[in-house]
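Residue numbers (the working numbering): 1086 to 1520. Idealized CB from N, CA, C, for every residue including glycine. Everything numeric in this text was worked out from a predicted model, so none of it was measured. One structure is given here, and the rest of the page talks about it.
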Amino acid sequence: CKVAAMDPSLVRGSHAGGGAQGVYHGGTKTQIKGSIGTTRKSKGPCCAVPTFGLSSAAAFPAASAASIGPSATMPVSLTSGASGDPFALPASGGRPAGVTQAAPQFGGGQITDERTKLLEQAMQRVDRRPPLGMAQHFQSVGAMVLWPWVAFVAVIFALALLPPERAGRIGAWVITFAALGLSMLLVQVFFYSKAPIYKYLGLLGILAVCLAGLSGRMIYDRTMLQYWLDKERTSQSGVLPSQSTTAVMDAAAVTFVEGTKVDLRRVLGYRSAQEDPGVTYCVAPVMDMASAEANEARYWAVGTNCCEPAWGFTCGDALSPVARSGLVIRNIPGSEHASLRHRLFLQAATQAAAMYSLGMGDVPVFVHWSEDAEAEINRDLKLSALYCVILSLFHLMFSIFFGGYLHWQTRRKDWQQPANQLTLPVMARYNQMAK
């Protein structure tokens, strides 16, 4: 730019006449016309290009001298030399003839304001960030949908379905903490890169891991733990309702002898005001002719929310005339749900025995009445997997909605800022360096 400004070839012919002023803008063609009508097109960085009156003395304005470059704060004055050419160098070298050094000006409000003004004008010529193509939109939304959903699916299936052995539980927690750690790493990347997509990916990933952890633990505690324990136990058949319950305490399922029925006349629906309120725990005695004559109930068919306070027992296959087996419901150490359920069934059976004047024996056994107890064991596995699939689909819809919403908000607020806002840090550094 300086060379173009000082090139005497810009003005051809006679040096007599007036002057001209032109400005080069980055990426545009600007015409510079002298007093004799000569025109030259050029490209160059954004800077002020003064052209000088050649017939009389002219002075550089301080602002124009400063605009040539950040460090040019020493304006000069031009006067015609002996040869009439202000660009002619003397024989001894040095400045061109007629060029005299003016008093230096460092800083100053006028120079700083003019510099900032010119820089802002240059920055405002930068368009907004180019619009994203369809592929970039899909990539952004896809990343914010897939990563949280993959983390959710991995964590919920690991915590809900892996076996209770030590290796299975360690594997489930390793997957959980790996997904959580990767999400936190994405948040850390955001603090360095300031790219909002990393913040959203990290936060959505952390939320997905938390939701999957709660859901997976609930499914494991309510259904899968019972499945894994029953899978390792054996089933017993030919059980008499009047025999002792000690022999079947460790059985996964029991099958009673022919003629065993659920006594639907001695039903009790029990609700606890302190523990699990709102859920009715239903019990009915399992009896044959011998136990009915002894007026004693050692085995109880049970269920939840499937009876009225003293009648209408419909739990399991209690109304089926061919059903005579049941899946054993036991107290499982370490499972809050199983312990609570067994405790409330025991309270309900105790009240029913007192209400109908029945003996209970030493330790009552509670069963989920069924036509095929062996199939009931695998039902828990299918039910748990179904819960995981349904929750994963719900989370996928949640991720699609929030991923699209956050992409749109980011696009509006962060990706379409005007150029003068995007370049404020650059201007601050420029002014500091210029001072």
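Alpha-carbon spacing of residue i relative to residue j, whole angstroms
| i | j | result |
| --- | --- | --- |
| V1371 | M1269 | 55 Å |
| A1280 | S1225 | 12 Å |
| M1445 | I1462 | 27 Å |
| L1246 | A1375 | 42 Å |
| Y1283 | A1228 | 10 Å |
| V1407 | Y1355 | 27 Å |
| Q1494 | S1405 | 58 Å |
| Q1273 | G1287 | 8 Å |
| A1403 | E1317 | 26 Å |
| F1487 | S1278 | 22 Å |
| G1401 | H1453 | 6 Å |
| A1329 | D1447 | Here residue 1329 turns out to be Ser, not Ala, going by the sequence shown. Near 8 Å, if we compare the C-alpha coordinates of D1447 and S1329. |
| W1359 | A1439 | In the sequence as presented, Trp is not what sits at residue 1359; that position holds Gln. In a straight line, the C-alpha of Q1359 is about 21 Å away from that of A1439. |
| R1428 | F1483 | 38 Å |
| L1296 | I1475 | 14 Å |
| I1041 | K1467 | In this structure the chain extends from 1086 to 1520, so residue 1041 is not present and cannot be described. |
| L1244 | P1418 | 18 Å |
| S1322 | I1414 | 16 Å |
| R1242 | G1344 | For the sequence presented, residue 1242 should be read as Phe rather than Arg. Roughly 42 Å separates the two Cα atoms. |
| D1361 | G1388 | 14 Å |
| A1504 | F1262 | Because the pLDDT of A1504 is 42, which lies under 50, any placement of that residue in the model is unreliable, and the question is left without a value. |
| I1291 | V1235 | 12 Å |
| Q1436 | W1396 | 15 Å |
| A1460 | A1423 | 20 Å |
| G1256 | C1473 | 18 Å |
| R1068 | Y1285 | What the structure shows of the chain is the stretch from 1086 to 1520, and residue 1068 is not part of that stretch, so it cannot be assessed. |
| Y1441 | L1267 | 60 Å |
| V1364 | L1271 | 43 Å |
| F1398 | H1492 | 54 Å |
| A1252 | L1471 | 24 Å |
| I1485 | P1248 | 32 Å |
| W1258 | N1416 | 25 Å |
| G1301 | S1327 | 40 Å |
| F1451 | P1394 | 18 Å |
| A1220 | E1250 | 46 Å |
Residue interval of the alpha helix (DSSP H) (run including residue i)
| i | result |
| --- | --- |
| W1258 | 1251-1278 |
| M1440 | 1421-1441 |
| M1445 | Premise fails: M1445 is in no alpha helix (DSSP H) and is neither H nor E. |
| V1294 | 1281-1304 |
Nearest-angstrom Cβ-Cβ length linking residue i and residue j, presumed shorter than 8 Å
| i | j | result |
| --- | --- | --- |
| S1357 | A1336 | That pair is no contact at about 28 Å. |
| L1443 | E1378 | L1443 to E1378, Cβ: 12 Å. No contact. |
| A1264 | V1240 | 6 Å |
| S1455 | L1412 | 6 Å |
| V1368 | F1430 | 6 Å |
| D1465 | Y1312 | 4 Å |
| A1293 | H1480 | 7 Å |
Beta carbon of residue i nearer than 8 Å to that of residue j
| i | j | result |
| --- | --- | --- |
| Y1366 | A1433 | yes |
| L1299 | P1233 | no |
| S1420 | D1315 | no |
| P1449 | R1383 | yes |
| C1391 | V1352 | no |
| S1410 | T1340 | yes |
| M1303 | S1469 | no |
| V1347 | A1386 | yes |
| S1477 | F1223 | no |
| D1373 | V1324 | no |
The beta strand (DSSP E) enclosing residue i, as first and last residue numbers
| i | result |
| --- | --- |
| I1556 | What the structure shows of the chain is the stretch from 1086 to 1520, and residue 1556 is not part of that stretch, so it cannot be assessed. |
| L1314 | It is not in any beta strand (DSSP E) - L1314 instead sits in the alpha helix (DSSP H) that spans 1310-1316. |
| A1338 | 1338-1341 |
| L1353 | 1353-1355 |
| Q1321 | 1320-1324 |
*At 4 residues or longer, and completely inside the segment 1364-1417: list those alpha helix (DSSP H) runs for me, N to C.*
1374-1379
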